[in-house]
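S.K.: Questions regarding the structure given below will be posed in turn.
Residue numbers (UniProt numbering): 1 to 262.
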């Protein structure tokens, strides 16, 4: 399996987070870096040019997946659903519904989104800022129905790409969490962060997600290892369990050793 360093939810649009990462640079552990969503709000891109420069210097390739916050301020979510790979430096790319083969390992990038619970519709519309800050296209704001639609689009894209892949190893990077089994429903925002997409894991070796703003121990779903490495909101101390040196090989080797011990 190709060794990929992975992180998510840096939220560099927030001053505390930006200052932290500028004063505490991430230690480079692999040739490739993936940011699995929520690098910064789209409106704050001018303030994170330093991060693009740093990635360009330190990694052969960096892939930044669109999270929901990366979509705050965009007017073209519809275009992102059709496949997106746009360079902000020659070797630093924003991606969504895009797959890349590196030697024997295929990487699949999708925001994924989630299936919102119809029973919580009014609460979500009143409290989830995604509906205020994201436009599906120039003339249409993101709605409850469109939110669920883009989740279906991402699901269908990922399912087809995984089924057609002939790569020896397959790694999925999503922003939203592909399972509801990691925590109990505590409030009406639950479905905004996760949904039951475990059926998509078949044939996948490793699945990296973000968005939930809490890290748990890696978990096996049959032959698929599910893991996150989220920093989150610095002031809210979301970064418990954050490991900036985490790579695909290090987490897989550690979990396989633990599995064999059992």
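Using N, Cα and C, we set each Cβ at its ideal position, and we do this for glycine too.
(1) What residues in its chain sit with their C-beta under 7 Å from that of residue 115, if we drop five residues either side in the sequence?
(2) Can you tell me whether DSSP reads residue 39 as helix, strand or coil?
(3) Using CA atoms only, rank isn't needed, just tell me which of 35, 31, 155 is closest to residue 93.
(4) Can you round the beta-carbon distance between residue 204 and residue 228 to whole angstroms, since I take them to be within the 8 Å contact cut?
(5) With a threshold of 6 Å on Cβ separation, who are the neighbours of residue 212 within its own chain once the five nearest residues in sequence on each side are excluded?
(6) Helix, strand or coil: which one does DSSP assign to residue 72?
(7) Do residue 52 and residue 27 have their C-beta atoms closer together than 7 Å?
(8) Under a three-way DSSP split, which group does residue 220 fall into?
(9) So what does DSSP say about residue 54, is it helix, strand or coil?
(10) Please list the terminal residues of the continuous beta strand (DSSP E) segment that includes residue 265.
(11) Since residue 197 contacts residue 155 with CB under 8 Å, what's their CB separation in whole angstroms?
(12) Taking 6 Å as the limit between beta carbons, can you name the residues of its chain near residue 261, skipping five residues before and five after?
(13) Going along the chain, which unbroken runs of the beta strand (DSSP E) with 3 or more residues stay wholly within the segment 116 to 174?
M.R.: On the basis of the coordinates in this document:
(1) Counting from 1 along the chain shown, the entry for residue 115 is found at position 115. Same-chain partners within the cutoff: 148, 151, 191, 195.
(2) Position 39 of the chain shown, counted from the start, is the residue given in the question as residue 39. It is coil, neither helix nor strand.
(3) The sequence position of residue 93 within the chain shown is 93, counting from 1. Selection 35, 31, 155 evaluated against residue 93 yields 35 as nearest (Cα-Cα).
(4) In the chain shown, residue 204 corresponds to position 204, counting from 1. In the chain shown, residue 228 corresponds to position 228, counting from 1. That belief does not hold up - the Cβ atoms of residue 204 and residue 228 are roughly 15 Å apart, past 8 Å.
(5) Position 212 of the chain shown, counted from the start, is the residue given in the question as residue 212. Only 177, 193 meet the Cβ criterion.
(6) Looking up residue 72 in the chain shown gives position 72. In this structure, residue 72 counts as coil in the three-state DSSP scheme.
(7) The sequence position of residue 52 within the chain shown is 52, counting from 1. The sequence position of residue 27 within the chain shown is 27, counting from 1. It is not a contact, given that the beta carbons lie outside the stated cut-off.
(8) In the chain shown, the residue the question calls residue 220 occupies position 220. Here residue 220 sits in strand by DSSP.
(9) The residue you call residue 54 lines up with position 54 of the chain shown. Residue 54 falls in the helix class under three-state DSSP.
(10) As shown, the chain starts at 1 and ends at 262. That puts residue 265 outside it, with no answer to give.
(11) Within the chain shown, numbered from 1, the residue matching residue 197 stands at position 197. Within the chain shown, numbered from 1, the residue matching residue 155 stands at position 155. Contact between residue 197 and residue 155 holds, with the beta-carbon distance rounding to 6 Å and staying under 8 Å.
(12) By one-based count along the chain shown, residue 261 stands at place 261. Bear in mind that the predicted position of residue 261 carries a pLDDT of just 47, short of 50, making it too unreliable to give a figure here.
(13) Within the segment 116 to 174, complete beta strand (DSSP E) segments of at least 3 residues are found at 135 to 137, 169 to 174, given in chain order.
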